[in-house]
Amino acid sequence: MPFKSLLGKLVDSVPGAQGAIIVDWEGEAVDHVSRIDEYELKILGAHKGVILEHLRSAVARLEGADLEEIIVSTARVETLIMPVTREYFLVLTVARGDALGRALFEMRRCVVQLRREID
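Going by this note's numbering, the sequence shown opens with residue 6, and the numbers climb by one from there.
Right, here's the structure in full:
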């Protein structure tokens, strides 16, 4: 599966992108492309998986729907989280103030491509 190629295209297409990682439901990194410390990106991916699972449960209980995306904003970084399948999710980190709209657009496109590769 050409995950690294798809992740590389995602990171290259988003101004201020710091890294992208595909993580499985257990928090294990499947593949990544990083402009920051790899260990930090892997830890970030694992922690965001915990957030995703808690929010998935809450959304399912409240709305009976699937969670589509999460954005976590801090003073310096915006972290986008999107499920790829029930077992995998994608995390993208972008410097705060850069193109969040572009990041969402490119990430959604990447998720579609990742789903094709997984199926």
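Heads up, the beta-carbon is just placed ideally off N, CA and C, and yes, glycines get one too.
Within the continuous alpha helix (DSSP H) that includes residue 83, where are the two ends?
Element bounds for residue 83: not the alpha helix (DSSP H) but the beta strand (DSSP E), 82-88.
Enumerate in chain order the residues of its own chain whose CB-to-CB distance from residue 40 is below 8 angstroms, with the five nearest sequence positions on each side excluded.
Here the set comprises 16, 22, 23, 24.
Do residue 79 and residue 98 have their beta-carbon atoms positioned less than 7 angstroms apart in this structure?
It is not a contact, given that the beta carbons lie outside the stated cut-off.
On the DSSP bridge list, what partners appear for residue 78?
BP columns for residue 78 point to 83.
For residue 29, name the three-state secondary structure that DSSP assigns.
Correct three-state label for residue 29: strand.
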